[in-house]
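Novice: This structure is in structure tokens; I'll ask about it shortly.
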Amino acid sequence: MQYTAITIGPIFRTMQIAESSKAIWSASYLFSYIMKQIYTYVEKEVGEKNIILPYADKSLMKRNLKAGLFPDRIIFIGKLTDFETKKSEIINNLAALIANDIAVDLELVQKYLSNYLVINCVEKELSESDNAVDIMNKYLDTSELFQKTNLYVDNSYLSDFFEKKPDEDSNNPSDVAEKKSNSYNKFITDEFGKQPVPSINQIATAKLKHRVKSSRKEDDNFYDNVKKEKPEEFRNFHKYIAIVQADGDNFGKFNEALYALSNDIRHDYIVQLSKNLTKFSKASLKIVRKWSGVPIYAGGDDLLFFAPIADIEKVEMKKSNAEKADGEEAQSVKCTVKEDIFDVLNRIDAKFNELFTEYNKEGDVDFKGVIEKLEKKPSMSYGITITYYKFPLDQALSNVYSMLEKAKKGNKNAVSLQIIKHSGQAFYARFDKADSSYRELKKLYSDLSVNDDFISGFMYKLHPLTTVLKEIALEQDEEKRNNRIDAFFENFFDEDIHKKQLNDENGFLKKVRELIQKIYTEHPLTTENAEKQHKINLDKLYSGLRFYQFINAKDEK
Numbered sequence: 005m006q007y008t009a010i011t012i013g014p015i016f017r018t019m020q021i022a023e024s025s026k027a028i029w030s031a032s033y034l035f036s037y038i039m040k041q042i043y044t045y046v047e048k049e050v051g052e053k054n055i056i057l058p059y060a061d062k063s064l065m066k067r068n069l070k071a072g073l074f075p076d077r078i079i080f081i082g083k084l085t086d087f088e089t090k091k092s093e094i095i096n097n098l099a100a101l102i103a104n105d106i107a108v109d110l111e112l113v114q115k116y117l118s119n120y121l122v123i124n125c126v127e128k129e130l131s132e133s134d135n136a137v138d139i140m141n142k143y144l145d146t147s148e149l150f151q152k153t154n155l156y157v158d159n160s161y162l163s164d165f166f167e168k169k170p171d172e173d174s175n176n177p178s179d180v181a182e183k184k185s186n187s188y189n190k191f192i193t194d195e196f197g198k199q200p201v202p203s204i205n206q207i208a209t210a211k212l213k214h215r216v217k218s219s220r221k222e223d224d225n226f227y228d229n230v231k232k233e234k235p236e237e238f239r240n241f242h243k244y245i246a247i248v249q250a251d252g253d254n255f256g257k258f259n260e261a262l263y264a265l266s267n268d269i270r271h272d273y274i275v276q277l278s279k280n281l282t283k284f285s286k287a288s289l290k291i292v293r294k295w296s297g298v299p300i301y302a303g304g305d306d307l308l309f310f311a312p313i314a315d316i317e318k319v320e321m322k323k324s325n326a327e328k329a330d331g332e333e334a335q336s337v338k339c340t341v342k343e344d345i346f347d348v349l350n351r352i353d354a355k356f357n358e359l360f361t362e363y364n365k366e367g368d369v370d371f372k373g374v375i376e377k378l379e380k381k382p383s384m385s386y387g388i389t390i391t392y393y394k395f396p397l398d399q400a401l402s403n404v405y406s407m408l409e410k411a412k413k414g415n416k417n418a419v420s421l422q423i424i425k426h427s428g429q430a431f432y433a434r435f436d437k438a439d440s441s442y443r444e445l446k447k448l449y450s451d452l453s454v455n456d457d458f459i460s461g462f463m464y465k466l467h468p469l470t471t472v473l474k475e476i477a478l479e480q481d482e483e484k485r486n487n488r489i490d491a492f493f494e495n496f497f498d499e500d501i502h503k504k505q506l507n508d509e510n511g512f513l514k515k516v517r518e519l520i521q522k523i524y525t526e527h528p529l530t531t532e533n534a535e536k537q538h539k540i541n542l543d544k545l546y547s548g549l550r551f552y553q554f555i556n557a558k559d560e561k
């Protein structure tokens, strides 16, 4: 049986060209746009039923999706009659779109794109029982190692198209509206209409629901105005953005298990997998947008998006008569973290489980039954890079890719987080999502009423006591170990302010103590691994404390 697979690129190198959120979005959408043209052609040539991956329902062929949903690869049964001619046609049409949009010579853009874009096609004869997806993907991986070098390296056609800017020379007030409409390329205007891709600072502050407009230039004034409008809720982290890259884990083994099924059901399972990958992409878009994030791409289990970090909720607290001074209002304001970026990941995970690990469609297609027999179940891993709004986006994208690679090491199913402060200081943390301590971290920073100096003081005081904590953690009996951790806090944190925190049901120190107990219960120390595991456990604890500091800070530290 004849199989064909096509891959396009260079995706990462192209996204490195971009310097703004609209350009990053455009660079990513470019490849979804190209694959959409290829898919339409393949569908006419071999028929929809012979396309293995991706599955494209009618909604994917529409505009106004505001994100690229077509992946960078297509695999199908059959052979194309004259793909080279079609490839040239697709490139030439794209060149015409770009040349018209930025008013440059069409022939130059055609030459550039023909040398720059990589569109590889591989054809192989395979048997019906062969794992076609795995085999064809490996051939595509090999073909991508031999990408051509662009001879037209000094031009800026794609950059100018992605970053499209109006003519700034005119001082005529009547040109303002036209300048604004000309600030976005055709990809953006076709997909977003009159609602353009938000700027980085607009995304970062979206959960504040403020009314301050961003000119993309006067960033400092923008934040001053937001702070004036939302003085209680505003935190320094609103000057930062979360960039999230996600990828599915263990899909190779899952795919192998599907191809090992009997001939009478294998096809239905593989088709359903393709459909569910598309459903997952669309569901992820909705989740990210509901969070006021901006999806860059969503191709199956592969996601990239920009998002606000947290949603701060202002709560009016009633004071008792004893607490009120003469003439003082009976209300005071307390801020809490209503939701954060980790809640977004949890919702994406829930949808993933619904469509894959728990999927059982009336017994006809039972992914759940297949997965339960696997040694490692499919899951999602996430890389998160949190950066200052002026941080170079190309570097941030490189960083988030590195974070995803770290998350996918070992048992996978993890979140790797990096925060790069405006000062250049950075810290890194890796959380295993299967750990209950990962969920316990959320409790730490739900309340933003703890003084930042108190947190710093606690971390400073804890540091020289970690050797004592290690000796306590070597206790193998869980109940005895937890009792000794209770005593550790009572003995070393015995000032009135500490006692209040430890005795309060929602006290910060009480939550820290419970987190420590969870960490050492899930990852206990033994004589053989004590030093290494103790360091790993402390890294998790300090990462949670530093993240709390970051979320809680009113000003840059």
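Sequential numbering of the sequence shown, starting at 5, is according to the numbering used here. All C-beta atoms, glycine included, are put in the ideal place defined by N, C-alpha and C.
Taking only three categories from DSSP, how would you classify residue 124?
Specialist: Indexing the sequence shown from 1 puts residue 124 at position 120. Reduced to three states, the DSSP call for residue 124 is strand.
Novice: Run the CB neighbour count on residue 386, radius 10 Å, all protein chains shown included, and call it buried at 16 or more, exposed below.
Specialist: The count along the sequence shown starts at 1 and reaches residue 386 at position 382. Classification of residue 386: buried, given that the 10 Å Cβ count is 16 or more.
Novice: Could you tell me which whole alpha helix (DSSP H) segments of length 4 or greater appear in the region 61-100?
Specialist: Whole alpha helix (DSSP H) segments, 4+ residues: zero.
Novice: For residue 143, which of 255, 264, 53 and 78 has the nearest alpha-carbon?
Specialist: In the sequence shown, the residue the question calls residue 143 occupies position 139. The option with the nearest alpha carbon to residue 143 is 78.
Novice: Where do the ends of the beta strand (DSSP E) carrying residue 35 lie?
Specialist: Here residue 35 corresponds to residue number 31 of the sequence shown, with the count starting at 1. Per DSSP, residue 35 belongs to no beta strand (DSSP E); it is in the alpha helix (DSSP H), 25-50.
Novice: Would you check if the distance between the CB atom of residue 191 and the CB atom of residue 37 is smaller than 8 Å?
Specialist: For the purposes of this step, residue 191 is identified with residue 187 of the sequence shown, where counting begins at 1. For the purposes of this step, residue 37 is identified with residue 33 of the sequence shown, where counting begins at 1. Yes, the pair counts as a contact, with Cβ atoms nearer than the cut-off.
Novice: So, is residue 206 buried or exposed, given that buried needs 16 or more other C-beta atoms within 10 angstroms?
Specialist: Your numbering for residue 206 matches position 202 in the sequence shown. It counts as buried.
Novice: Please determine, among 231, 356, 230 and 337, the residue with the shortest C-alpha to C-alpha distance to residue 279.
Specialist: Position 275 of the sequence shown, counted from the start, is the residue given in the question as residue 279. Nearest option by C-alpha distance: 356.
Novice: Find out if the Cβ-Cβ distance for the pair residue 106, residue 165 is shorter than 8 Å.
Specialist: Position 102 of the sequence shown, counting from 1, holds the residue named residue 106. Position 161 of the sequence shown, counting from 1, holds the residue named residue 165. Cβ distance < 8 Å, so residue 106 and residue 165 count as in contact.
Novice: Give me the Cα-Cα distance between residue 11 and residue 41, rounded to the nearest whole angstrom.
Specialist: Along the sequence shown, one-based indexing puts residue 11 at 7. Along the sequence shown, one-based indexing puts residue 41 at 37. Taking the straight line joining both Cα atoms gives about 13 Å.
Novice: Comparing alpha-carbon positions, which option in 404, 394 and 438 lies nearest residue 418?
Specialist: Position 414 of the sequence shown holds residue 418. Comparing Cα-Cα distances from residue 418 to each of 404, 394 and 438, the minimum goes to 438.
Novice: Between residue 126 and residue 140, which are expected to be in contact by the criterion C-beta below 8 Å, what is the C-beta distance as a whole number of angstroms?
Specialist: Indexing the sequence shown from 1 puts residue 126 at position 122. Indexing the sequence shown from 1 puts residue 140 at position 136. So it is a contact: roughly 7 Å between Cβ atoms.
Novice: Rank 236, 558 and 99 by C-alpha distance to the C-alpha of residue 456 and give the top, closest one.
Specialist: Mapped onto the sequence shown, residue 456 falls at position 452. Answer by Cα proximity: 558.
Novice: Quick check on residue 16: buried or exposed, where buried means 16 or more other Cβ atoms within 10 Å of its Cβ?
Specialist: Mapped onto the sequence shown, residue 16 falls at position 12. That one is exposed.
Novice: In the DSSP output, what is residue 435 paired with across the bridge?
Specialist: Counting from one through the sequence shown, the residue named residue 435 turns up at place 431. DSSP output for residue 435 lists 419 as bridge partner(s).
Novice: Okay, do the region 129-136 and the region 42-49 touch, 3+ Cβ pairs below 8 Å being the bar?
Specialist: Not touching, per the Cβ criterion.
Novice: Between which two residues does the alpha helix (DSSP H) harbouring residue 285 extend?
Specialist: The residue you call residue 285 lines up with position 281 of the sequence shown. That run of the alpha helix (DSSP H) goes 267-294.
Novice: Reducing DSSP to helix, strand and coil, say where residue 429 ends up.
Specialist: Along the sequence shown, read from residue 1 onward, the residue named residue 429 stands at position 425. Three-state result, residue 429: coil.
Novice: Under the assumption that residue 210 contacts residue 296 (Cβ atoms under 8 Å), give the Cβ distance between them as a whole number of angstroms.
Specialist: Numbered from its first residue, the sequence shown carries residue 210 at position 206. Numbered from its first residue, the sequence shown carries residue 296 at position 292. Yes, residue 210 and residue 296 are in contact; Cβ-Cβ is about 4 Å, under 8 Å.
Novice: Pull the bridge partners of residue 311 from the DSSP assignment, please.
Specialist: As a working note, residue 311 is residue 307 in the sequence shown. The partner list for residue 311 (beta bridge, DSSP) reads 246.
Novice: Pick out whichever of 162, 298, 462 and 257 has its Cα sitting closest to the Cα of residue 377.
Specialist: Numbered from its first residue, the sequence shown carries residue 377 at position 373. Of 162, 298, 462 and 257, the residue nearest in Cα terms is 257.
Novice: Buried or exposed for residue 199, going by 16 or more other Cβ atoms inside 10 Å?
Specialist: Position 195 of the sequence shown holds residue 199. The residue is exposed, with fewer than 16 neighbouring Cβ atoms inside 10 Å.
Novice: Around the Cβ of residue 237, are there at least 16 other Cβ atoms within 10 angstroms (buried) or fewer (exposed)?
Specialist: Stepping through the sequence shown from its first residue, residue 237 is reached at position 233. Result: buried.
Novice: Let me make sure I understand the geometry here. Which of 509, 18 and 556 has the alpha-carbon closest to that of residue 452?
Specialist: Indexing the sequence shown from 1 puts residue 452 at position 448. If we check each option's Cα against that of residue 452, 556 comes out closest.
Novice: How many angstroms separate the CA atom of residue 541 from the CA atom of residue 466?
Specialist: Taking the first residue of the sequence shown as 1, we reach residue 541 at position 537. Taking the first residue of the sequence shown as 1, we reach residue 466 at position 462. Residue 541 and residue 466: Cα-Cα distance of roughly 14 Å.
Novice: Pull up the CB-CB distance for residue 229 and residue 382, whole angstroms please, since I reckon it's below 8 Å.
Specialist: As a working note, residue 229 is residue 225 in the sequence shown. As a working note, residue 382 is residue 378 in the sequence shown. Going by Cβ atoms, the distance from residue 229 to residue 382 rounds to 46 Å, so no, they are not a contact pair.
Novice: Let me know the secondary structure DSSP gives residue 530 once reduced to three states.
Specialist: Taking the first residue of the sequence shown as 1, we reach residue 530 at position 526. If DSSP states are grouped into helix, strand and coil, residue 530 belongs with coil.
Novice: Go ahead and label residue 178 buried or exposed: buried means 16 or more other beta carbons lie within 10 angstroms of its beta carbon, across all protein chains shown.
Specialist: Indexing the sequence shown from 1 puts residue 178 at position 174. Note that residue 178 scores 48 on pLDDT, short of 50, meaning its location in the model is unreliable and no value can be drawn from it.
Novice: Any idea which residues DSSP pairs residue 6 with across the strands?
Specialist: Position 2 of the sequence shown, counting from 1, holds the residue named residue 6. For residue 6, which the question treats as bridged, DSSP gives the partners 129.
Novice: Check each candidate in 8, 233 and 245 and name the one with the smallest Cα separation from residue 25.
Specialist: On the sequence shown, position 21 is the one that residue 25 refers to. Among 8, 233 and 245, the Cα nearest to that of residue 25 belongs to 245.
Novice: Between residue 272 and residue 365, what straight-line distance do the alpha-carbon atoms span, to the nearest angstrom?
Specialist: For the purposes of this step, residue 272 is taken as residue 268 along the sequence shown, with counting starting at 1. For the purposes of this step, residue 365 is taken as residue 361 along the sequence shown, with counting starting at 1. C-alpha separation (whole angstroms): 12 Å.
Novice: Going by beta carbon distance, what residues of the same chain come within less than 6 Å of residue 94, once the five residues before and after it are set aside?
Specialist: Counted from its first residue, the sequence shown places residue 94 at position 90. Taken in chain order, the residues that qualify are 41.
Novice: Could you give the first and the last residue of the continuous beta strand (DSSP E) run that contains residue 56?
Specialist: Walking along the sequence shown from the start, residue 56 turns up at place 52. Residue 56 -> beta strand (DSSP E) spans 55-57.
Novice: Measure the Cβ-Cβ separation of residue 359 and residue 283 and say whether it is below 8 Å.
Specialist: Stepping through the sequence shown from its first residue, residue 359 is reached at position 355. Stepping through the sequence shown from its first residue, residue 283 is reached at position 279. Contact: yes.
Novice: Do you know offhand how far residue 30's Cα is from residue 398's?
Specialist: To locate residue 30, count along the sequence shown from 1; it is residue 26. To locate residue 398, count along the sequence shown from 1; it is residue 394. One C-alpha to the other measures close to 14 Å.
Novice: In terms of alpha-carbon separation, which member of 372, 242 and 248 lies closest to residue 316?
Specialist: Numbered from 1 along the sequence shown, position 312 holds the residue referred to as residue 316. Of the candidates 372, 242 and 248, the one whose C-alpha sits nearest the C-alpha of residue 316 is 242.
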